[in-house]
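First up is the structure itself, then whatever we jot down about it.
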Amino acid sequence: MKILLYNPDNGVTRNFMPHLWMFLLQALTPSGHEVLLVDGNAQPMDEAGIAEFVRDNNIGLVGIGAMTRMIAKAYRMADAVRTTGVPVVMGGPHVTEMADEALGRDGGPRHADAVALGEADATWPRIVEDAARGQLKDVYAPVDAFGQESKPSLKDYPVIPWQSIDLKQFNLVPKAATGLLQKIGEGWGSFRIVPVESGRGCPYGCEFCTVTGFFGDSIRFRTNESVVNELLLLKARARAEKGQIAVFFIDDNFAINIKRTKSLLRDIIAAKAQVHWVAQISANLLRDEELVDLIAASGGKWIFIGMESIDPANLKDVNKGFNKPGEYATVLERLAARNVYAITSFIFGMDNDTVGAAERTLEQVRTWPPGLPIFGLLTPLPATPLYKRLEKAGRLTRPKHWQEFIPFAMAHTPLKMTIEEAHAEVRYGWEQAYSPEALAHAVDSLNDQPLGYRVNIFLSRLCFRGIYFPMMGKMAWVRVIAQNRRTIFKLVREGFKKGAWRGAPARILASPVPQAETGEVIVQGAEG
Ligand code: B12
Ligand code: SF4
Numbered sequence: 032m033k034i035l036l037y038n039p040d041n042g043v044t045r046n047f048m049p050h051l052w053m054f055l056l057q058a059l060t061p062s063g064h065e066v067l068l069v070d071g072n073a074q075p076m077d078e079a080g081i082a083e084f085v086r087d088n089n090i091g092l093v094g095i096g097a098m099t100r101m102i103a104k105a106y107r108m109a110d111a112v113r114t115t116g117v118p119v120v121m122g123g124p125h126v127t128e129m130a131d132e133a134l135g136r137d138g139g140p141r142h143a144d145a146v147a148l149g150e151a152d153a154t155w156p157r158i159v160e161d162a163a164r165g166q167l168k169d170v171y172a173p174v175d176a177f178g179q180e181s182k183p184s185l186k187d188y189p190v191i192p193w194q195s196i197d198l199k200q201f202n203l204v205p206k207a208a209t210g211l212l213q214k215i216g217e218g219w220g221s222f223r224i225v226p227v228e229s230g231r232g233c234p235y236g237c238e239f240c241t242v243t244g245f246f247g248d249s250i251r252f253r254t255n256e257s258v259v260n261e262l263l264l265l266k267a268r269a270r271a272e273k274g275q276i277a278v279f280f281i282d283d284n285f286a287i288n289i290k291r292t293k294s295l296l297r298d299i300i301a302a303k304a305q306v307h308w309v310a311q312i313s314a315n316l317l318r319d320e321e322l323v324d325l326i327a328a329s330g331g332k333w334i335f336i337g338m339e340s341i342d343p344a345n346l347k348d349v350n351k352g353f354n355k356p357g358e359y360a361t362v363l364e365r366l367a368a369r370n371v372y373a374i375t376s377f378i379f380g381m382d383n384d385t386v387g388a389a390e391r392t393l394e395q396v397r398t399w400p401p402g403l404p405i406f407g408l409l410t411p412l413p414a415t416p417l418y419k420r421l422e423k424a425g426r427l428t429r430p431k432h433w434q435e436f437i438p439f440a441m442a443h444t445p446l447k448m449t450i451e452e453a454h455a456e457v458r459y460g461w462e463q464a465y466s467p468e469a470l471a472h473a474v475d476s477l478n479d480q481p482l483g484y485r486v487n488i489f490l491s492r493l494c495f496r497g498i499y500f501p502m503m504g505k506m507a508w509v510r511v512i513a514q515n516r517r518t519i520f521k522l523v524r525e526g527f528k529k530g531a532w533r534g535a536p537a538r539i540l541a542s543p544v545p546q547a548e549t550g551e552v553i554v555q556g557a558e559g
């Protein structure tokens with residue numbers, strides 16, 4: 032049987048990174064079946080397009096995965112596939128919580144023939160065999176022989192054959208420049224960001240988050256060896272292609288168990304498996320100097336930190352009181368001292384937010400080392416404790432907001448400001464943090480660093496700007512480049528100066544990397 036796995040486009044980014052679930056399910060597919068992957072972000076498709084693809088390729092089963100944000104498009108695409116007579120199975124965080132909606136059991140139309148609840152590592156092979164026999168069931172739940180919910184241990188994680196997977200659609204280097212850039216240094220003919228998971232689960236239960244409900248509060252890890260081997264495979268591929276690969280460790284909190292993270296990072300260093308990487312780590316765990324040394328030594332470049340708010344009352348309200356705003360600056364300095372920078376994520380529209388929340392946040396951000404601040408609105412995702420609390424209080428203004436998704440729009444009324452005021456705060460945050468002046472300031476604050484760091488922060492800021500301000504068309508890029516021409520000229524001028532690209536790699540030298548250690552497992556904290 033031929034199977035199509037499809038991920039709808041998010042309408043914001045193009046092909047910046049593939050979705051891991053597709054490669055994972057492909058690797059877990061029983062032999063004898065052929066799996067084709069289409070990521071809508073890289074290969075845009077509409078309803079007629081997917082129906083045609085399914086017919087032309089003689090597809091026998093379509094699997095669709097989506098977050099809440101993309102679910103309306105996912106349903107439309109599923110409907111189009113089902114008109115061809117081919118069955119659709121849906122999975123992922125949204126349909127896990129809203130299976131009745133997908134199956135048309137809530138009074139609405141049916142979109143899926145079957146739904147895979149939760150982690151599908153163990154159920155996927157069963158789904159494929161049932162579909163091949165024409166005996167798909169409505170619901171596949173990950174349960175053991177006694178009917179109890181069971182979570183994959185990750186100890187026998189499949190090998191994802193990155194060396195042979197077609198990743199052409201995920202090359203971030205423009206085609207026209209590939210030939211020339213292959214010749215620079217070790218080669219820049221391709222640049223790809225690849226998702227790798229080293230563990231799953233988070234026990235923290237922040238009120239707005241899906242993760243604790245979805246992956247459970249039991250934390251599970253792959254073996255160090257399997258992660259290291261995956262990195263080595265990716266490195267070898269990049270070398271063979273005269274290109275570069277960076278890894279996004281998609282764990283919700285990559286350092287949730289500090290001892291284990293340190294041991295993984297030491298193994299990465301020992302095996303010379305370092306690649307540039309990004310991960311999500313909560314601020315409380317970054318108090319550990321040795322961990323931060325190892326992050327820098329193992330290739331860590333950007334850390335995503337869910338700061339959410341600078342107001343402790345807001346953090347307490349959403350059950351994230353373990354975040355301590357008073358230590359944000361110290362944590363960021365500690366990272367920056369090793370040339371590791373942070374993507375700092377903030378949420379507005381929280382219950383203690385008042386008008387001016389964005390400016391108060393930015394006042395602090397401006398005093399921190401340069402990074403990539405991002406701003407969102409508190410969003411009640413289905414089945415989260417936040418959703419249930421707001422529903423009970425009658426505060427949801429758009430209870431099924433995902434059916435008509437609007438980016439950066441509240442679905443409930445905050446307590447101390449109006450919905451419009453909350454929208455204005457988020458707009459202000461983006462406008463100020465990504466203005467040409469703010470970009471120039473970020474670049475200048477790294478004047479004591481080699482030019483590469485300044486170019487990196489500038490390009491990263493330009494890309495992150497696109498999360499709020501649409502950057503999908505060529506004209507949008509031309510406008511932004513024109514607005515930032517002074518900074519661009521300055522960087523180009525400096526690029527021609529002798530020695531501009533060389534210099535001290537970090538403000539302080541990372542301390543020597545400690546040797547491997549083993550020991551008991553301690554759960555320290557979490558992020559998402
Ligand atoms: C990586 C990631 C992203 C990436 C996505 C791009 C990419 N290429 O991966 C980025 C950074 C862009 C991102 C952004 C956002 N994300 Co995000 N993200 C994640 C993260 C950390 C990892 C996803 C992942 O790969 N997981 C590992 C794989 C193996 O798990 P999985 O995808 O769930 O797949 C398993 C099952 O769900 C199932 N499955 C999934 N799909 C399918 C399909 C079929 C057919 C079947 C059978 C099974 C199946 O099987 C898989 C194996 O068990 C998750 C949290 C998490 N740990 O999952 C949040 C998460 C998915 N994100 C979330 C959110 C809310 C967002 C944002 C909306 C945040 C924001 N406010 O801006 C944005 C918007 C995204 C956008 N613009 O599209 C929520 C989604 C909740 C929900 N109900 O939708 C999550 C769960 C985190 C959270 N805190 O709650 N995200
Ligand atoms: S720490 Fe992060 S992943 Fe864990 S529950 Fe909170 S937001 Fe979710």
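Just add 31 to the spot in the sequence shown (first one is 1) and you have our numbering. For each residue, glycine too, the CB sits at the ideal point set by N, CA and C. Quantities reported herein were computed from a predicted structural model and do not represent experimental measurements.
Compute every distance between the C-beta of residue i and the non-hydrogen atoms of the ligand SF4, then say whether any falls below 7 Å.
i, result
"D283", "yes"
"G274", "no"
"G96", "no"
"G313", "The question names Gly, yet the displayed sequence has Ser at residue 313. Indeed, a heavy atom of the ligand SF4 lies less than 7 Å from the Cβ."
"G247", "no"
"P218", "Contrary to the premise, residue 218 reads as Gly rather than Pro in this sequence. Checking every heavy atom of the ligand SF4 against the Cβ of G218, none is found closer than 7 Å."
"T114", "no"
"T410", "no"
What is the residue span of the alpha helix (DSSP H) that residue i lies within?
i, result
"F246", "V242 to F246"
"V278", "Element bounds for V278: not the alpha helix (DSSP H) but the beta strand (DSSP E), Q275 to F280."
"L30", "The chain is shown only over 32 to 559; residue 30 falls outside these bounds and no answer can be derived."
Residues in the same chain with beta-carbon distance under 7 Å from residue i, minus the five sequence neighbours each way, listed in chain order, please.
i, result
"E272", "G220 and S221"
"P501", "A507"
"L493", "V511"
"D110", "H142"
"A302", "V259 and L263"
Just checking residue i against the ligand B12 - is the residue's beta carbon closer than 7 Å to any of the ligand's heavy atoms?
i, result
"H50", "yes"
"C240", "yes"
"A151", "yes"
"A73", "no"
"H64", "no"
"M76", "no"
"W193", "no"
"W155", "yes"
Quick check on the DSSP output: the beta strand (DSSP E) that includes residue i runs from which residue to which?
i, result
"E65", "E65 to D70"
"L477", "Element bounds for L477: n/a, residue is neither H nor E."
"L35", "K33 to N38"
"Y372", "Y372 to F379"
"A145", "A145 to A147"
"P501", "Segment: none, P501 is in no beta strand (DSSP E) and carries neither H nor E."
Going by DSSP in three states, residue i sits in which element: helix, strand or coil?
i, result
"M121", "strand"
"K332", "strand"
"I158", "helix"
"H443", "strand"
"R253", "coil"
"E422", "helix"
"P404", "strand"
"V309", "strand"
"L264", "helix"
"L134", "coil"
"R538", "Because R538 sits at a pLDDT of 44, beneath the cut-off of 50, its placement in the model cannot be relied upon, and the following sentence gives the value as read from the coordinates. Three-state DSSP puts R538 in coil, outside helix and strand."
"M76", "coil"
"P416", "helix"
"G116", "coil"
"E238", "coil"
"Q514", "helix"
"M338", "strand"
"Y171", "strand"
"F436", "coil"
Taking 8 Å as the limit between beta carbons, can you name the residues of its chain near residue i, skipping five residues before and five after?
i, result
"P536", "Low confidence applies to P536: its pLDDT is 48, below 50, so where it sits in the model is not reliable, and the reading given next is rough at best. Taken in chain order, the residues that qualify are N370 and P481."
Near residue i, which residues of its chain fall below 6 Å by C-beta distance, leaving aside the five closest residues on each side in sequence?
i, result
"Y459", "A389"
"S329", "L296, I299, I300 and Q305"
"K104", "P39"
"Q395", "I341"
Counting Cβ pairs closer than 8 Å, one from the region 415 to 427 and one from the region 359 to 378, do we hit at least three? No, because fewer than three Cβ pairs between the region 415 to 427 and the region 359 to 378 fall closer than 8 Å, the two stretches do not touch.
Could you say if the region 53 to 71 and the region 138 to 157 meet the contact criterion of at least three C-beta pairs nearer than 8 Å? Touching, yes.
Meets three-Cβ-pair contact criterion under 8 Å: the region 172 to 185 and the region 248 to 261: Taking a cut-off of 8 Å on C-beta distances, the region 172 to 185 touches the region 248 to 261, as three or more cross pairs fall below it.
Does the pairing of the region 260 to 280 with the region 439 to 452 give three or more beta-carbon distances under 8 Å? No, they do not touch.
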